[in-house]
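Quick note on UniProt numbering: the sequence shown kicks off at 1 and runs consecutively. Virtual Cβ for every residue (Gly too), placed ideally from N, Cα, C. Keep in mind that this is a model prediction, so the values were computed, not measured.
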Amino acid sequence: MMQRDRASAALGMSVDRDDPGAAVVSMVVRDDMLNGFAITHGGLVFALADTAFALACNEDERVTVAAGADITFLKSTHAGQTLTATAVRRVVSGRTGLYDVTVTDDAGDVVAEFRGRSVTTNRRID
């Protein structure tokens with residue numbers, strides 16, 4: 001999946017762990033990722049968490065997609081910092097799942113908490 005993910009590649013994301021039900025993805029914040037207040041744009045923090053979520057919930061040969069997600073931003077970050085998103089499966093029931101993702105900065109402080117809801121389709125990963 002990540003080999004074809006042009007959005008995550010364009011943002012410079014790096015997969016540090018990709019196991020069934022768990023994933024770790026990191027990204028260095030660049031100047032072009034800052035908003036008008038010179039802090040990391042929330043949409044890019046969400047994108048990082050969403051990528052870790054996607055890796056964690058695609059556990060087999062079936063395509064699993066987001067049914068919804070929420071994020072709480074807890075700390076701002078700046079250019080040059082490395083953000084790390086750690087995703088873990090909470091529960092899978094039938095075709096639906098619930099995953100939590102914690103985004104931290106390079107000091108280990110929590111930047112955001114993300115909760116994703118997944119649905120597994122009948123489509124196979126190519």
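What is the DSSP secondary structure of D100, reduced to helix, strand or coil? strand
Secondary structure of M1, DSSP reduced to three states: coil
Pick helix, strand or coil for T77, following the three-state DSSP scheme. coil
Where DSSP assigns a beta bridge to A38, which residues make up the other side? DSSP lists no partner for A38.
Do you know offhand how far S76's Cα is from T84's? 14 Å
Where do the ends of the alpha helix (DSSP H) carrying R117 lie? Where R117 is concerned, there is no enclosing alpha helix (DSSP H), although the beta strand (DSSP E) it sits in stretches over V110 to R124.
Buried or exposed, going by whether 16 or more other CB atoms sit within 10 Å of the CB of F46? buried
L11 (DSSP reduced to helix, strand or coil): coil
M27 - containing beta strand (DSSP E), residue span: A22 to V28
In chain order, what residues of the same chain have a beta carbon less than 6 Å from the beta carbon of F53, not counting five sequence neighbours either side? A87, Y99, V101 and G116
If you measure from the CB of T64, is any heavy atom of the ligand SAH nearer than 6 Å? Ligands in the displayed structure: none, and consequently the ligand SAH is not present.
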